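See structure below.
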Amino acid sequence: MSSNWSLKLPVEVVEFIFKRLYSDNCQSLRNCALTCRPFLLIARIYLFRDITIFLEPTPPASVQDPPDNRPSRLLYFLAFDDHVAANIRTLRLQRAVPTSTNSREDKWAPTIENLGRMLPKMNSLLHLSIHSSFLSDWTLEDDKLHQILMQFLLLPGIQHLELFYMALFQRELPHFLKIPKVALIGTYLKHETEIPQKRSEPIDNDTSLSSTLFNLCVMFRAPENAEDMYAVAQGASRTLKSLTWLSNPSFGSQNACLHILNLPTFTLLSRLAISLTLHSEAALMELITLLGKTGDGESAIETLEIICDYEHSSVPDDAMLSTWNWRDLDELLASSAYADLRKIKISVAHRIDTTGRASSRNDRYTQSETALLALFQRYLPNVHSSKLLVAYGDE
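Just so we're aligned, residue 0 is where the sequence shown starts under numbering that gives the first Met the number 0, counting upward by one.
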């Protein structure tokens with residue numbers, strides 16, 4: 000006797016199973032996707048939710064690899080498929096590692112065309128990250144390449160943008176004000192002419208009125224680039240709630256350029272993270288001057304994170320630090336001007352490589368942060384008695 004029947008599961012049950020597979024074992028999810036078309040349609044929602052595309056110029060035909068062996072094959076697939084790109088929520092764009100066959104004859108035109116085909120399909124993209132390099136900004140190798148990359152961050156659904164070591168133009172800065180969360184790591188302004196130009200002007204007030212940027216992180220490439228990047232913060236002065244302002248710790252202890260910041264202009268700011276280089280008392284005095292600018296009323300800052308950088312592998316000893324003017328900082332943070340302050344986080348600056356990747360946390364960082372916390376507890380007794388000081392990761 001034969002039976003002809005099929006077992007049907009509600010779509011919600013299948014999606015629940017696939018969601019668990021996605022969080023536990025992506026390979027199992029890939030295997031399920033190959034069993035039947037309905038499974039494929041659901042599985043690709045998860046398989047293509049978070050992807051990295053490696054971009055590369057196309058070499059002369061005589062040295063081209065078979066398509067399946069080229070890093071850009073994923074871009075080609077997404078450009079010509081009508082459905083998959085719509086599932087992407089997080090997209091990272093990086094340059095493929097150059098090979099021995101790369102030459103000046105390589106052309107970006109095919110890559111630019113494929114990015115252009117893919118762009119209109121990206122209607123679900125929320126998080127965009129573009130990684131260039133400190134040593135060589137590949138996004139400038141072709142003017143049209145830079146232009147199409149900037150078109151991606153204009154997609155209306157973008158909620159979080161990260162740019163690493165990319166050159167930007169003055170006209171592009173207002174675009175960032177339309178994105179709620181932005182990180183500019185090692186970015187810098189490139190002038191469109193060779194005529195010397197003055198520093199960036201603040202983004203005009205009419206633009207800042209329509210800003211939706213509330214979380215901004217800036218790690219400037221070098222001190223001379225800090226003022227240019229501050230123009231973005233100024234443009235979002237009426238909407239910014241969180242500001243991270245850091246020097247780049249990977250190229251020696253640098254000036255944190257705290258003098259550029261004007262805290263009273265950020266009326267909604269509740270979180271501030273800044274660099275403090277522990278190599279001279281001048282950096283501490285600059286921090287005191289910055290925090291002393293509270294305007295006519297109290298500061299609205301609730302969380303202050305001090306990210307310490309120093310030239311050697313161990314925390315500076317008391318012989319140097321004990322002579323610094325910690326008392327003014329202690330009295331300022333314990334005063335009524337910072338009545339809303341709920342937490343002061345102490346952390347160690349992580350080294351950032353030339354592509355923007357931070358070094359991983361390890362025991363050395365944990366030990367250094369424990370030592371730094373003890374140092375701040377000792378030198379800021381009033382703040383310590385208020386139980387405001389915590390190490391990174393502590394609540």
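Yeah, the Cβ is synthetic: ideal placement off N, Cα and C, and Gly gets one too.
Since we're looking at a predicted model, the values are computed, not measured.
Quick check on the burial criterion: 16 or more other C-beta atoms within 10 angstroms. Buried or exposed for residue i?
| i | result |
| --- | --- |
| LEU308 | The question names Leu, but residue 308 in the sequence shown is Asp. Buried: at least 16 other Cβ atoms inside 10 Å. |
| MET228 | buried |
| THR276 | buried |
| VAL62 | Reliability of the predicted coordinates at VAL62 is poor, the pLDDT of 47 falling under 50, and the value obtained from them is presented with this limitation in mind. Exposed is the call here. |
| SER207 | The pLDDT assigned to SER207 is 46, lower than 50, so where the model puts this residue is not dependable; a value taken from the coordinates is nonetheless given after this. The residue in question, SER207, is buried, as its Cβ has 16 or more Cβ neighbours within 10 Å. |
| ASN247 | buried |
| ALA42 | buried |
| ARG94 | buried |
| ASP317 | exposed |
| LEU387 | buried |
| VAL96 | exposed |
| ARG341 | exposed |
| SER210 | buried |
| VAL382 | buried |
| ALA255 | buried |
| TYR378 | buried |
| GLY234 | buried |
| LEU267 | exposed |
| PHE15 | exposed |
| PHE79 | exposed |
| GLU368 | buried |
| ARG220 | buried |
| ALA281 | exposed |
| SER279 | exposed |
| ASN204 | A caution first: ASN204 carries a pLDDT of 47, below 50, which makes its placement in the model unreliable, though a value can still be read off. Per the 10 Å Cβ criterion, exposed. |
| ALA108 | exposed |
| HIS145 | buried |
| GLU193 | Model confidence at GLU193 stands at a pLDDT of 44, short of 50, so the residue's coordinates are unreliable and nothing is read from them. |
Quick check: residue i and residue j, are their CB atoms within less than 8 Å of each other?
| i | j | result |
| --- | --- | --- |
| THR51 | ARG116 | no |
| LEU320 | ILE345 | no |
| ASN214 | SER241 | yes |
| LEU257 | LEU286 | yes |
| PHE168 | LYS189 | yes |
| SER274 | ILE300 | no |
| ARG88 | HIS126 | yes |
| ALA336 | SER385 | no |
| THR147 | LEU114 | Residue identity check: residue 147 is Ile in the sequence provided, not Thr. Yes. |
| ARG270 | THR293 | no |
| GLU223 | ILE259 | no |
| ASP329 | PRO263 | no |
| ASP141 | ALA166 | no |
| GLY185 | MET218 | yes |
| LEU290 | LEU245 | no |
| ASN324 | LEU374 | no |
| THR110 | THR57 | yes |
| LEU160 | VAL231 | no |
| ALA338 | GLU304 | no |
To which residues does DSSP link residue i through a beta bridge?
| i | result |
| --- | --- |
| HIS235 | One point to set straight first is that residue 235 is Ala, not His, in the sequence displayed. Bridge partners of ALA235: none, in fact. |
| TRP244 | VAL217 and ILE273 |
| LYS342 | THR302 |
| ARG91 | THR51 and SER128 |
| ALA395 | Because the chain is modelled from 0 through 394, residue 395 falls outside the range shown and cannot be assessed. |
| LEU183 | LEU162 and VAL217 |
| CYS307 | LEU275 and VAL347 |
| ALA373 | None; ALA373 has no bridge partner. |
| LYS106 | THR57 |
| LEU167 | LEU188 |
Could you pull the start and end residues of the beta strand (DSSP E) that residue i belongs to?
| i | result |
| --- | --- |
| HIS383 | Here HIS383 belongs to no beta strand (DSSP E); instead the alpha helix (DSSP H) covers 380–384. |
| LEU388 | 388–390 |
Our contact map puts residue i next to residue j with C-beta atoms below 8 Å; I'd like the distance itself, whole angstroms only.
| i | j | result |
| --- | --- | --- |
| LEU153 | PRO179 | With a Cβ gap of about 14 Å, LEU153 and PRO179 do not count as contacting. |
| LEU162 | LEU183 | 6 Å |
| LEU74 | LEU46 | Actually they are not in contact, since the Cβ atoms of LEU74 and LEU46 sit about 16 Å apart, beyond 8 Å. |
| ILE44 | ASN86 | 5 Å |
How would you write the range of the alpha helix (DSSP H) that residue i sits in, first residue to last?
| i | result |
| --- | --- |
| LEU332 | 325–332 |
| ARG72 | 72–79 |
| THR288 | 280–291 |
| ILE147 | 142–151 |
| MET319 | 317–320 |
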